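What follows is a short report on a single structure.
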Amino acid sequence: MSTSEYPTWAEELPFISSKQNRVFKDAVAASKRRGRWSDALMLEGIRLIETAVEAGFIPQALFLCLDLLATKEVKRWEAFRNLMERQGRGECIWTLSDHLFNHLAKTERPQGLIAFVEPPQFELENLKNPTRGYLIAAGVQDPGNLGTLIRIADAFGLDGFVCDDSSAWPWSQKVVRSTMGSLFHIPVMRVSDLGAVLDFLRKEGTVIVATAMTGKPLPEIGNYVSLERPVALLMGNEGSGLPTDILAETDVTTTIPMDGRAESLNVAVAAGICCYELFPQQLG
């Protein structure tokens, strides 16, 4: 994009060309979950950022590299800028030199836009009146597995995904990539007190089902609890499983029958099998 093609508003934005600039240092720190925007998710590219904003993520800062900006997408950049101004974040837009932008970007082919966005905040009240139920993770520390669990919850049309604070951070770059966009399709909550969540769901009439090494065979689970009610499926750490205090809060534990010699399954694989059994798809 040549200088003559820059929109007027872009030429008026603060320009950063030094690594010593305070705002640039804040951005680098935020990319490592530190400092000023430590609770924000770093996103690159207009499509992903637009999707996040439509899902309720709140822009905290926007960085442009005008030389990487596609001319055909200038109007989309302008629309995003206008959105930030409406949200009172108009002063949080900066342009970066090519060198600084490439230093900050994580993708191999930067598209000219980086945003730091804060995820929407969900409370217990947001868990009211589920239509199908929830997938809940405790101690799932691998970002790829956690992201796949979110994707599974989305695929089966669940009302949301919940994880405890011993699980991976749901808005890290690795989790975002492994969700393949599902992070922006369903509510995602990270909580410090999983017991309080289970207590709330039980009072709402949700059936609490937990996976364990010993439990009722998954194909027979409908004989022990009503699957006509919303279900909350709990998945634990692959190594240690679910904590005993959490297991005590469940209505039933279940296990996947296996004829082979494998002792266990990957947590995401197990979750997919359980969801297929517990949340049958509506056909027709």
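Each number in the numbering used here comes from the position in the sequence shown (counting from 1) with 849 added on. Ideal Cβ positions, reconstructed from N, Cα and C, are used throughout, including at glycine. Just so you know, these numbers come straight off a predicted model, no measurement behind them.
Which of the three DSSP states is assigned to K1065 in this structure?
Shown here, K1065 sits in a strand according to DSSP, grouped into three states.
According to the neighbour-count rule (16 or more other Cβ atoms, all chains shown, within 10 Å of its Cβ), is Q990 buried or exposed?
By the neighbour-count rule (16 or more Cβ atoms within 10 Å), Q990 is not buried but exposed.
Please report how far the alpha carbon of L918 lies from the alpha carbon of M933, in whole angstroms.
Roughly 18 Å separates the two Cα atoms.
N- and C-terminal bounds of the beta strand (DSSP E) containing A910
First-last of the beta strand (DSSP E) with A910: 907-913.
So the candidates are C1123, E1126, G1088, G1121; which of them puts its Cα closest to the Cα of E1112?
Looking only at C1123, E1126, G1088, G1121, the smallest Cα-Cα distance to E1112 is reached by G1088.
DSSP-derived helix/strand/coil call for I1035
Reduced to three states, the DSSP call for I1035 is coil.
What beta strand (DSSP E) runs, 3 residues minimum, are completely inside the stretch 921-974?
Taking only runs of at least 3 residues, the beta strand (DSSP E) segments lying wholly in the stretch 921-974 are 942-945, 962-967.
Quick one: grab the DSSP three-state call for F864.
Note: F864 maps to strand in three-state DSSP.
Integer-rounded CB distance, given that L984 should sit under 8 Å from L998
With a contact defined as Cβ atoms closer than 8 Å, L998 and L984 qualify at about 6 Å.
What is the rounded straight-line gap between the Cα of L911 and the Cα of A964?
In a straight line, the C-alpha of L911 is about 4 Å away from that of A964.
So what does DSSP say about G1085, is it helix, strand or coil?
Annotated three-state conformation of G1085 is strand, per DSSP.
Just to confirm, are R981 and F864 a CB contact at a threshold of 7 Å?
No, the Cβ-Cβ distance between R981 and F864 is not below 7 Å.
Between the C-alpha atoms of R935 and E927, what's the straight-line distance to the nearest angstrom?
Cα-Cα distance, rounded: 12 Å.
Span of the alpha helix (DSSP H) holding D875?
D875 -> alpha helix (DSSP H) spans 871-879.
With DSSP run on the structure shown, which of helix, strand or coil describes E1098?
Looking at E1098 - three-state DSSP - the assignment turns out to be coil, as it is neither helix nor strand.
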